[in-house]
Amino acid sequence: MLDVIMLALMAVFFVTAWAFAGLCDRLLSTDTTGKDRDL
Amino acid sequence: MTAAGLIEIALLVVLVGLLTRPLGAYLTRVYAGESILLRPILGPLEKTLYRLACVDPSAEQSWYRYAVSFLVFHVISVATLYGVLRLQPLWPLNLQHLPAPAADLALNTAVSFVTNTSWQSYAGETTLSYAAQMTGITVHSFLSAASGLAVAVALIRGFARRQSSAIGNFWVDLARGMLYVLLPLCVVSALILVAAGVPQTLASSIEATTLEGGRQLIARGPVASQEAIKLLSGDGGGFFNANSAHPFENPTPLTNLLEMLLIFALGAALTNCFGRMVQSERHGWMLLAVMGILFGLGLVGLYALEASGNPAFTAFNLDQMPSTRQAGGNMEGKEVRFGIAASVVFANVSTASSDGAVNAMHDSFLPLSGAILLANMMVDEVIVGAPGSGLYGMLLFCIVAVFVAGLMVGRTPEYVGKKIESSEVKMTILALACVPAAALGLSAIACVSGPGLAALGNAGPHGYSEILYAYTSAAATNGSAFAGLNANSPFYNLTLALAMFVGRFFVIVPVLAIAGSLARKRAVPPSAGTLPTDRALFAGFLMGVILIVGGLTYLPALALGPVVEHLQMGPG
Numbered sequence: 001m002l003d004v005i006m007l008a009l010m011a012v013f014f015v016t017a018w019a020f021a022g023l024c025d026r027l028l029s030t031d032t033t034g035k036d037r038d039l
Numbered sequence: 001m002t003a004a005g006l007i008e009i010a011l012l013v014v015l016v017g018l019l020t021r022p023l024g025a026y027l028t029r030v031y032a033g034e035s036i037l038l039r040p041i042l043g044p045l046e047k048t049l050y051r052l053a054c055v056d057p058s059a060e061q062s063w064y065r066y067a068v069s070f071l072v073f074h075v076i077s078v079a080t081l082y083g084v085l086r087l088q089p090l091w092p093l094n095l096q097h098l099p100a101p102a103a104d105l106a107l108n109t110a111v112s113f114v115t116n117t118s119w120q121s122y123a124g125e126t127t128l129s130y131a132a133q134m135t136g137i138t139v140h141s142f143l144s145a146a147s148g149l150a151v152a153v154a155l156i157r158g159f160a161r162r163q164s165s166a167i168g169n170f171w172v173d174l175a176r177g178m179l180y181v182l183l184p185l186c187v188v189s190a191l192i193l194v195a196a197g198v199p200q201t202l203a204s205s206i207e208a209t210t211l212e213g214g215r216q217l218i219a220r221g222p223v224a225s226q227e228a229i230k231l232l233s234g235d236g237g238g239f240f241n242a243n244s245a246h247p248f249e250n251p252t253p254l255t256n257l258l259e260m261l262l263i264f265a266l267g268a269a270l271t272n273c274f275g276r277m278v279q280s281e282r283h284g285w286m287l288l289a290v291m292g293i294l295f296g297l298g299l300v301g302l303y304a305l306e307a308s309g310n311p312a313f314t315a316f317n318l319d320q321m322p323s324t325r326q327a328g329g330n331m332e333g334k335e336v337r338f339g340i341a342a343s344v345v346f347a348n349v350s351t352a353s354s355d356g357a358v359n360a361m362h363d364s365f366l367p368l369s370g371a372i373l374l375a376n377m378m379v380d381e382v383i384v385g386a387p388g389s390g391l392y393g394m395l396l397f398c399i400v401a402v403f404v405a406g407l408m409v410g411r412t413p414e415y416v417g418k419k420i421e422s423s424e425v426k427m428t429i430l431a432l433a434c435v436p437a438a439a440l441g442l443s444a445i446a447c448v449s450g451p452g453l454a455a456l457g458n459a460g461p462h463g464y465s466e467i468l469y470a471y472t473s474a475a476a477t478n479g480s481a482f483a484g485l486n487a488n489s490p491f492y493n494l495t496l497a498l499a500m501f502v503g504r505f506f507v508i509v510p511v512l513a514i515a516g517s518l519a520r521k522r523a524v525p526p527s528a529g530t531l532p533t534d535r536a537l538f539a540g541f542l543m544g545v546i547l548i549v550g551g552l553t554y555l556p557a558l559a560l561g562p563v564v565e566h567l568q569m570g571p572g
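Heads up: the sequence lines are chains A and B, in that order. The first sequence begins at 1 in this note's numbering and counts up one residue at a time. The second sequence begins at 1 in this note's numbering and counts up one residue at a time.
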């Protein structure tokens with residue numbers, strides 16, 4: 001039972017990291033602030 | 001300070017300096033897929049690995065695919081290592097018939113070694129069998145170092161490439177780092193360690209009779225092979241509980257020097273690799289110079305503090321000066337055979353580099369020395385760092401530095417020919433904020449929770465320092481322990497695993513995003529308004545940014561622990 005909980009915890013960790021990667025991708029693809037312009 | 005101590009420090013600096021260029025050139029050739037001496041020998045194995053994993057080595061990946069490959073690889077790694085540990089009684093070479101580690105300890109250990117942290121809530125020789133040490137710990141030390149190198153190389157490609165949607169292939173970078181960089185260096189290092197007296201055997205522990213007539217089991221095992229990758233990978237997880245303070249892991253002053261050299265070798269060489277890949281070796285040397293100065297500042301402080309002895313003894317008029325009769329200084333927690341100099345250099349190398357190996361007990365260092373060790377980790381391990389993480393951490397600070405400089409002069413910042421825009425700055429801040437958020441947030445929770453306080457070996461500011469050190473070490477993927485904290489409890493095992501996870505993956509994902517964003521850009525030719533980023537002025541500015549960002553983030557936390565403890569040691 002404990003092993004199932006630990007494996008589930010690992011899965012939560014990695015799904016969060018994957019979602020974080022998706023968030024970064026979204027941030028990069030939608031962010032056009034200051035593109036090719038001087039600040 | 002003694003002449004021998006200063007000579008040892010000078011030797012380390014010279015050897016690292018001498019290795020940086022040839023090793024940097026070698027790394028550049030390896031990751032560019034160019035011809036190297038080992039390719040005819042290991043090339044067929046590399047191709048077999050690609051065939052087995054169904055990887056097309058010519059297919060490059062976008063940053064997102066690279067990041068997903070990285071995460072998938074680590075899901076498999078964590079699950080495999082967890083399985084190896086939990087099924088320990090079923091494996092051969094369990095000569096002491098050791099039981100499986102508890103589930104929370106196995107999770108902590110799996111996350112620890114997969115994230116290149118090597119935090120150990122267990123004593124190696126009494127918890128893990130030879131099979132678990134070799135197939136679990138040693139293998140994942142290789143894999144985590146190779147994946148760290150891959151991420152750094154991907155970021156360098158981001159700076160070096162022009163209008164490209166790809167930053168390389170994670171699986172190819174992983175295989176090349178393993179086969180052509182880590183494996184040969186580890187074989188050579190392990191042989192040197194064996195020649196110096198480090199055991200490499202599958203025979204069981206030896207039973208000895210002590211001088212008092214008692215029975216003692218002397219543990220041994222396949223130590224040299226694990227020791228080599230433990231140091232080279234920036235991993236630091238020892239075969240024995242005492243780590244590099246154990247005479248079987250680090251028997252002589254010569255091995256002590258070799259171990260420090262191995263810890264720094266790849267991290268320093270990567271700066272040269274960066275310079276070569278962006279067609280400006282000066283940039284690489286500038287980064288190494290910044291790392292060297294920050295390392296020197298910490299070392300001078302540590303050596304001066306530890307060599308001058310314990311201020312609490314001043315009232316008793318004790319002689320703490322070195323002489324023919326005593327090593328002098330604060331020798332508590334240090335190996336007599338290493339003395340003050342070799343202990344403080346090792347501690348500085350280990351905490352600056354993200355390795356986490358120890359040859360002295362950091363808990364016994366003076367409070368302000370403890371603060372320096374903490375500060376080394378708090379600046380995101382950018383002082384050489386582990387293979388990969390040191391360089392990409394330093395490049396994150398470079399982005400912040402050029403951004404701040406750009407704000408000052410009112411121009412879009414540029415670094416090695418790439419414009420740094422809001423996307424890269426946002427990703428950089430995300431990466432830099434994750435580590436302190438995990439370290440400080442979890443430290444705060446531990447300080448106010450029953451299970452967190454129950455594990456303390458000391459009360460007051462020292463106990464607080466122990467908690468702060470544990471979470472900082474975990475989040476910065478260092479892995480060294482302050483000692484004095486019984487971290488093998490479900491609370492610490494799980495929260496430290498979370499800190500290590502955040503410190504590794506929530507930094508690497510934005511780093512790869514930055515690589516992808518930069519690779520897509522065209523190069524900007526230098527103009528009169530371009531800030532030169534390979535000069536002493538920028539080096540000084542970069543150091544200021546690192547120290548101010550680290551200082552502003554962590555100074556209150558340091559003030560509550562080591563600083564208060566230092567003030568309590570004074571007269572009255």
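Yeah, the Cβ is synthetic: ideal placement off N, Cα and C, and Gly gets one too. Bear in mind the structure is a predicted one, so any value in this text is a computation, not a measurement.
The alpha helix (DSSP H) enclosing residue i, as first and last residue numbers
i, result
"residue 424(B)", "422-447"
"residue 552(B)", "536-558"
"residue 52(B)", "39-52"
"residue 467(B)", "460-475"
"residue 568(B)", "564-569"
"residue 156(B)", "139-160"
"residue 263(B)", "253-277"
Best match in the options for proximity to residue i [C-alpha to C-alpha]
i, options, result
"residue 414(B)", "538(B), 325(B) and 559(B)", "538(B)"
"residue 401(B)", "39(B), 431(B) and 542(B)", "542(B)"
"residue 445(B)", "175(B), 290(B), 126(B) and 468(B)", "468(B)"
"residue 407(B)", "422(B), 396(B) and 394(B)", "422(B)"
"residue 404(B)", "381(B), 205(B), 428(B) and 567(B)", "428(B)"
"residue 491(B)", "105(B), 77(B) and 58(B)", "105(B)"
"residue 250(B)", "193(B), 71(B) and 280(B)", "193(B)"
"residue 55(B)", "160(B), 69(B) and 570(B)", "69(B)"
"residue 254(B)", "448(B), 8(B) and 388(B)", "8(B)"
"residue 480(B)", "191(B), 75(B) and 235(B)", "235(B)"
"residue 14(B)", "292(B), 466(B) and 40(B)", "292(B)"
Where residue i sits in the DSSP three-state scheme
i, result
"residue 230(B)", "helix"
"residue 167(B)", "coil"
"residue 61(B)", "coil"
"residue 120(B)", "coil"
"residue 575(B)", "With chain B covering only 1 through 572, there is no way to say anything about residue 575(B)."
"residue 99(B)", "coil"
"residue 133(B)", "helix"
"residue 360(B)", "strand"
"residue 335(B)", "coil"
"residue 202(B)", "coil"
"residue 88(B)", "helix"
"residue 218(B)", "strand"
"residue 18(B)", "helix"
"residue 456(B)", "strand"
"residue 414(B)", "strand"
Limits of the beta strand (DSSP E) - the one that residue i falls within
i, result
"residue 206(B)", "206-209"
"residue 504(B)", "First-last for residue 504(B): 490-519, but that is the alpha helix (DSSP H), not the beta strand (DSSP E)."
"residue 485(B)", "First-last for residue 485(B): undefined, no H or E at that position."
Counted within 10 angstroms of its Cβ, other Cβ atoms place residue i as buried (16 or more) or exposed
i, result
"residue 265(B)", "buried"
"residue 47(B)", "exposed"
"residue 424(B)", "buried"
"residue 359(B)", "buried"
"residue 97(B)", "exposed"
"residue 544(B)", "exposed"
"residue 92(B)", "exposed"
"residue 217(B)", "exposed"
"residue 278(B)", "buried"
Residue i CB to nearest heavy atom of the ligand PLP below 8 Å
i, result
"residue 530(B)", "As presented, the structure is devoid of all ligands, the ligand PLP included, so that no description of it is given."
Beta-carbon contacts of residue i that lie in its chain and below 7 Å, excluding the five residues immediately before and after
i, result
"residue 411(B)", "529"
"residue 377(B)", "351, 472, 473, 476 and 478"
"residue 226(B)", "133, 137, 138 and 239"
6 Å CB neighbourhood of residue i in its chain, flanking five on each side removed
i, result
"residue 295(B)", "352 and 383"
"residue 501(B)", "111"
"residue 321(B)", "328"
"residue 64(B)", "none"
"residue 332(B)", "364"
Close Cβ partners of residue i (< 8 Å) along its chain, the five nearest in sequence each way excluded
i, result
"residue 101(B)", "85, 86, 88, 109, 122, 127 and 128"
"residue 19(B)", "261, 265, 268 and 269"
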